[in-house]
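Here the structure is laid out as structure tokens; the discussion comes afterwards.
In the numbering used here, the protein residues as written are 12 to 464.
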């Protein structure tokens, strides 16, 4: 199929030069600036502590001579190719008046399993999984906007864990699927994103919620637990944090016309599903056809085959052995100890947002309500992990891996990052009805770096 000619997304939008302002105690918008053009994300809630505070948002007043009925709508399609699934985010932006700032109006989100890495030996099928998601984009984005709507895929830990040749074959297949589509395909539209950018883009997406003036003495940041990797990201308040951190853990970026130093690192292989295999001693092991990997973190009578990244493993509990929290904690410790760096200031007073599998396991174990999210302390994960592990038969119906997962999360937070038992974790799935992920930050970043032709 013939590629559509390259069209500048920004060519259909007016260039507006304005100053980003905030009103009230909470700055609740993020701006991406490109040649004077602003994109804004306006979350209505920040999950710091109840009661929630509604935003106070400033919009420039329209000039008397502004044309009427000049609403402009435009879209962006971002694929998140993770280790356990591929997700499509279709963002709709609205600019109600040429002198006003475009706002994020809506998002459509859909996910399929397994992730692209599961198709490492059959990249055509991997491409087809993306093709099916593109059909949703075609139904969502109006046809007259297709050739102006960018479509981008960024892969994370799942493909980073694959051999280079297999990862490249999957990326090549996805590029061909994109080229067949009616959407605008930018240069470098299909890539593997490095871990530092994953944390940075997540931070950009949620940076409006990280400026709470009522908590000036606290460190506020983001924790993301995926299937193949885990990220920690925050703005250091202490020079000692920056000085004691490995140099590649500190990233510099511009926001609100200021340069910030961001502590951010992604631990490849320390995502929840990869950590399960590491705890079992299965990662990189030989003899997968016959070997059974056992753990005291699993119910004694449990025996099953599990698949991750396109590879199948035989796992089981220890029928004649012991099981429970203490033994399990010792097992998962080896996956974390000496691997995860402890940032200096998180040992003090801090509040962190926790997403992805932190949220999912908190819901499954009954710590929070899945529809609302909520605030818990690190000690709550520890307490519930003990309950689950010491009564595995009660929780097996939820997941036979719940003990291992809850214990790993507890160990990661305490022994890995060094959080205190009293550290507050704000758990959320969505903010302002938008899925919390790096995808929105990446979409903003794309528009910011857009080359106007």
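No residue lacks a Cβ here, since even glycine has one placed at the ideal position from N, Cα and C. Just so you know, these numbers come straight off a predicted model, no measurement behind them.
Query                                                                                                                                                                          : Result
Between the alpha carbons of residue 198 and residue 204, how many angstroms are there, rounded?                                                                               : 15 angstroms
Given this structure, state the Cα-to-Cα distance separating residue 138 from residue 185, to the nearest angstrom.                                                            : 5 angstroms
Taking DSSP's pairing of strands, which residues face residue 232 in a bridge?                                                                                                 : 245 and 363
Let me know if residue 237 comes out buried or exposed under the rule of 16 or more other beta-carbons within 10 Å of its beta-carbon.                                         : buried
Decide if residue 174 is buried, meaning its Cβ has at least 16 other Cβ atoms within 10 Å, or exposed.                                                                        : exposed
Please tell me whether residue 162 and residue 88 are closer than 8 angstroms, where the distance is taken between their beta carbons.                                         : yes
Cα-Cα, which of 403, 189 and 377 is closest to residue 141?                                                                                                                    : 189
Helix, strand or coil for residue 410 per DSSP?                                                                                                                                : coil
How should residue 312 be labelled, buried or exposed, when 16 other C-beta atoms within 10 angstroms of its C-beta is the threshold for buried?                               : exposed
Does the beta-carbon of residue 209 have 16 or more other beta-carbons within 10 angstroms, so that it is buried, or is it exposed?                                            : buried
Look up residue 371 in the DSSP assignment and say whether it is helix, strand or coil.                                                                                        : helix
Given this structure, state the Cα-to-Cα distance separating residue 458 from residue 307, to the nearest angstrom.                                                            : 49 angstroms
Do residue 421 and residue 284 have their C-beta atoms closer together than 8 angstroms?                                                                                       : no
With 16 as the cutoff for other CB atoms within 10 Å, does residue 462 come out buried or exposed?                                                                             : For residue 462, the pLDDT reaches just 40, beneath the cut-off of 50, and the residue's location in the model is therefore unreliable, leaving the point undetermined.
Report yes or no: is there a C-beta of chain D within less than 8 angstroms of the C-beta of residue 441?                                                                      : Within the model displayed, chain D is absent; a lone protein chain is all it includes.
Is there contact between the segment 425-440 and the segment 246-260, where contact requires at least three CB pairs shorter than 8 angstroms?                                 : no
For the segment 333-347 against the segment 408-425, are there 3 or more C-beta pairs whose distance is under 8 angstroms?                                                     : yes
Would you check if the distance between the CB atom of residue 440 and the CB atom of residue 385 is smaller than 8 angstroms?                                                 : no
Apart from the five residues on each side of it in sequence, which residues of its chain come closer than 8 angstroms, Cβ to Cβ, to residue 333?                               : 307
Looking at residue 3: is its Cβ nearer than 8 angstroms to the Cβ of residue 214?                                                                                              : Limits of the chain in this structure are 12 at one end and 464 at the other, which puts residue 3 out of reach.
Quick check: the Cα distance between residue 91 and residue 338, rounded to an integer number of angstroms?                                                                    : 36 angstroms
Do you know whose CA, among 117, 239 and 158, lies nearest residue 129's CA?                                                                                                   : 239
On a CA-only basis, which of 309, 327 and 321 is nearest residue 315? Give me that one, please.                                                                                : 327
Would you kindly work out how many angstroms separate the C-alpha atoms of residue 7 and residue 97, rounded to a whole number?                                                : With the chain covering only 12 through 464, there is no way to say anything about residue 7.
To the nearest angstrom, how far is the alpha carbon of residue 117 from that of residue 86?                                                                                   : 10 angstroms
So the candidates are 100, 101 and 115; which of them puts its Cα closest to the Cα of residue 107?                                                                            : 115
Give, in chain order, every unbroken run of the beta strand (DSSP E) that is at least 3 residues long and sits entirely within the segment 280-327.                            : 303-305, 314-319 and 322-327
Secondary structure at residue 277, three-state DSSP: helix, strand or coil?                                                                                                   : strand
Give me the Cβ distance between residue 151 and residue 101, rounded to the nearest whole Å; I'm assuming they're in contact under 8 angstroms.                                : 5 angstroms
Beta-carbon separation of residue 206 and residue 277 under 8 angstroms?                                                                                                       : yes
Can you find the residues in the same chain that come closer than 6 angstroms, C-beta to C-beta, to residue 134, ignoring five residues on each side of it along the sequence? : 180, 181 and 184
Spell out the partners DSSP gives residue 161 in its beta bridges.                                                                                                             : 195
If contacts are defined as beta-carbon pairs under 8 angstroms, then residue 288 and residue 171 qualify, I think. What distance do you get, rounded to the angstrom?          : About 15 angstroms separates the two Cβ atoms, so there is no contact after all.
Check whether the segment 286-303 touches the segment 358-365, counting contact only when three or more Cβ pairs, one atom from each stretch, lie closer than 8 angstroms.     : no
Leaving out five residues on either side along the sequence, give the residues of the same chain with a beta carbon under 7 angstroms from the beta carbon of residue 449.     : 209, 212, 213 and 216
Between the beta-carbon of residue 270 and the beta-carbon of residue 244, is there less than 8 angstroms?                                                                     : no
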